[in-house]
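Okay, structure first, notes after.
There are 2 protein chains.
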Amino acid sequence: MLDKQQIRLHNSEEYTITVSDYPITEISRILDVLQAKKIILAVDSNVNDKQPALIKELTNMSEDASLYRVPAGESSKSITEWKNLADFCLSRNPDRKTALIAVGGGVTGDLAGFAASTVLRGLPLIHVPTTLLAVVDSSIGGKTGINHESGKNLVGTFYQPRAVVAPLSVFETLSDREFLCGFGEILKYGAIADTDILTILSGRNLLELRGHTELLKSIIQRSIKVKADVVIRDTLESNLRMILNYGHTFAHAIEKVTGYGKISHGEAVYMGMIAAGLLSDELGASLDHSLLEQHAASMLGSEPLPSVSGDELVDAMKSDKKKTGSTLRFVVLKQYGRPYTEEISDTQLVKKVWETARQRITDIRSGTTKNLNQRTTPAT
Amino acid sequence: MLDKQQIRLHNSEEYTITVSDYPITEISRILDVLQAKKIILAVDSNVNDKQPALIKELTNMSEDASLYRVPAGESSKSITEWKNLADFCLSRNPDRKTALIAVGGGVTGDLAGFAASTVLRGLPLIHVPTTLLAVVDSSIGGKTGINHESGKNLVGTFYQPRAVVAPLSVFETLSDREFLCGFGEILKYGAIADTDILTILSGRNLLELRGHTELLKSIIQRSIKVKADVVIRDTLESNLRMILNYGHTFAHAIEKVTGYGKISHGEAVYMGMIAAGLLSDELGASLDHSLLEQHAASMLGSEPLPSVSGDELVDAMKSDKKKTGSTLRFVVLKQYGRPYTEEISDTQLVKKVWETARQRITDIRSGTTKNLNQRTTPAT
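As you go down the protein sequences, you meet chains A and B in turn. Just so we're aligned, residue 1 is where the first sequence starts under this note's numbering, counting upward by one. Just so we're aligned, residue 381 is where the second sequence starts under this note's numbering, counting upward by one.
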């Protein structure tokens, strides 16, 4: 498989996504194309501390490089931090060719993306995602954003990067929890589109992919392709892009009820997909969920599940700021690989599905269901 | 000439610009197309006070309308005011179909445009420009922006409105100074592209156009067409769009040296065009400037010209934050209607041209030059 994937958005914007062991070579090439002599690095403070060699190489790419440390953590997605970063950019006397390079996970990418889109009405933006979640999800699709007192990501722009360059070696240094966090989305791409992802991962311990560079790269590239294919056809998020929210109506509500950050986004999405799978069955499908459910132990560990009642969950879903209309909207499956959206007004059904999903996850982890790696029906 | 002008940007964004005596009918039609049931009006405080009938009609367009007063004046183009407006929008529980309608001049349009582009990653935006300057200039082209302590418009986005609807009757109520302010840009469109604008206005007292509705509408529409034609071919402001800056390298510097707001933008642009015309001659043209210069008395009145030395002017030009590279860039003319850009490093030439221009304006106004309405050579 090639290192580089060409992404075309609208008819006028196009950029490459590269997963590479030689990210500096690729970024330098892009800076040449952009004629960017001056660069500003917005670097997650943890990455800055843990990846000194990478940061030094990035800084050395230009004689006029400056570095802004983005404090690690969701609280950096604030108007205050955006203003700080914009002030920093403007203090460097930027021109329209000055490149802003975001080095970090979703927080850094969302914040720096918003700054890039708003300083001088747009600085060229390069994403260097350093988490698995960022490379397969937030760095693709052009969403930037910060949080507002009334909700997450309520302030932001649609703004496409000029390139995404993922430093493959960095992913192999992630902690278990950080590494697994990306697999919520990776498994999702398998569930909604490229079911080969599920087949390839079947029977494997997900953590062991850190030692299989080529396999990891291939899984990342397949995931990027699913997201990019959807985003290309629906840049401004009207309908098609909704399918990327498989498991997310549940996941966002779980995160909201438990308090953001208590459980990882990957864990929440994984639980959400178990629930969405059961909802799909309630709506008429009859699916074999084993390719997804077999990863319950590695995705969720053995800790007790968060105590979220059906009532709390539905209340959180109803208060979602980005909801349009009064019904709840879910992405569900006809089959694995064939998603559709469904408006549901019967909240009792949603509550029942969630309670069933909680029980099912508990059963799978304790080995009391046959579904764990033991197919009873052929995969669809 | 039709009321409506169709503007297509990129291949995906398209909107109409309408100059109409029946703006409410047109805006209501657009809200229907957008399926916008909820509307938020961002209204310049002066317009709110002086045009109660218009504001009432706008508010009555929706059962869920709310109004935010934008304090009149350039100081509203601030991060603070942007945050206030974003907070207000979010407090109204907007969804992606909630329309933000900007009612006012350039300040309101730039601020509300920036808010529209950044709330929920983009609310549909409708411009209702109430100044002549806004309808022929700032409402077209998708530039939004606020000021930063280090310079004007340094924070902002490119974001296209879904429609521009200009309420023609409002322009006839503008004060002399407000009305004339738009003619800096209108005469510029004549100078760089549609020389018929200059011919149509020749021999006329510009202020008297307030009583000639059809003629005023025609001049506005011709101006919009010039700007739209350029913007369509260069949405993100690379090179072609530069020609819209005819007179502006001088004008921005004049405004900076005299202190923003002391002289109107229209006056500064007019003086800048006199200077740019002389610079064109220095660079090899030999132009008859009478169609432009004949309006010196109405555009600049009889007050003493601002005391701006050549040194101050060049210093201000050099500190322009949006400048790329070390030379100064000017738009100049081969002929009227045929602009080009020129990089100039000889600052002595620029100083000399400015001193000559100052003297020339003084002479024209005092009647000591023959050029005022007395052609010595045929118009080019």
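For every residue, glycine included, the Cβ atom is placed at its ideal position computed from N, Cα and C.
Test: residue i CB closer than 8 Å to a CB of chain A
i	result
Ile407/B	no
Phe538/B	yes
Ile654/B	no
Arg501/B	yes
Thr498/B	yes
Gly525/B	yes
Cross-chain neighbours of residue i in chain B, by beta carbon under 8 Å
i	result
Gly109/A	Here the premise fails: no neighbours, minimum Cβ distance about 14 Å.
Thr16/A	Going along chain B, no residue has its Cβ under 8 Å from Thr16/A, so there is no contact; the nearest lies around 19 Å.
Lys83/A	Ile459
Test item: CB-CB of residue i and residue j under 8 Å
i	j	result
Ile186/A	Ser223/A	yes
His628/B	Val649/B	yes
Ser400/B	Val545/B	yes
Arg96/A	Leu125/A	no
Leu578/B	Tyr716/B	yes
Val483/B	Val508/B	yes
Val538/B	Gly122/A	The residue you asked about is not Val; residue 538/B is Phe in the sequence shown. Against a cut-off of 8 Å, the Cβ pair of Gly122/A and Phe538/B comes out as a contact.
Gly261/A	Met299/A	no
Leu216/A	Lys227/A	no
Leu414/B	Ala479/B	yes
Leu534/B	Leu90/A	yes
Separation of residue j from residue i, as counted between CA atoms
i	j	result
Ser456/B	Asn464/B	10 Å
Ala285/A	Gln294/A	20 Å
Lys532/B	Thr524/B	12 Å
Thr575/B	Tyr569/B	8 Å
Arg338/A	Gly105/A	30 Å
Lys38/A	Glu723/B	22 Å
Ile435/B	Ser78/A	34 Å
Pro547/B	Thr638/B	32 Å
Ile744/B	Ala676/B	7 Å
Asp49/A	Val43/A	10 Å
Ile263/A	Ile274/A	16 Å
Ile453/A	Glu454/B	Within the shown structure, residues of chain A are numbered from 1 to 380, placing residue 453/A beyond reach of any answer.
His632/B	Asp700/B	9 Å
Arg358/A	Lys351/A	11 Å
Gly536/B	Ser150/A	23 Å
Gly493/B	Asp110/A	21 Å
Chain-ordered chain A contacts of residue i [CB-CB under 8 Å]
i	result
Phe468/B	Residues of chain A passing the Cβ test: none, with the nearest at roughly 11 Å.
Which of helix, strand or coil DSSP assigns to residue i
i	result
Ile197/A	helix
Ile762/B	In the structure as shown, chain B begins at 381 and stops at 760. Residue 762/B is therefore absent and cannot be evaluated.
Glu63/A	coil
Ala379/A	Residue confidence is low: Ala379/A scores 42 on pLDDT, short of 50, so the model does not pin down where it sits. No coordinate-derived value is stated.
Gln715/B	strand
Arg96/A	coil
Thr553/B	coil
Ala696/B	helix
Glu267/A	helix
Ile566/B	helix
Lys636/B	helix
Arg542/B	coil
Asn245/A	helix
Lys523/B	strand
Arg360/A	helix
Thr157/A	coil
Pro504/B	coil
Glu723/B	strand
Glu394/B	strand
Ala767/B	Given a span of 381 to 760 for chain B in the structure shown, any question on residue 767/B remains unanswerable.
Cutoff 8 Å: residue i Cβ touching any chain B Cβ
i	result
Val155/A	yes
Ser298/A	no
Ser150/A	yes
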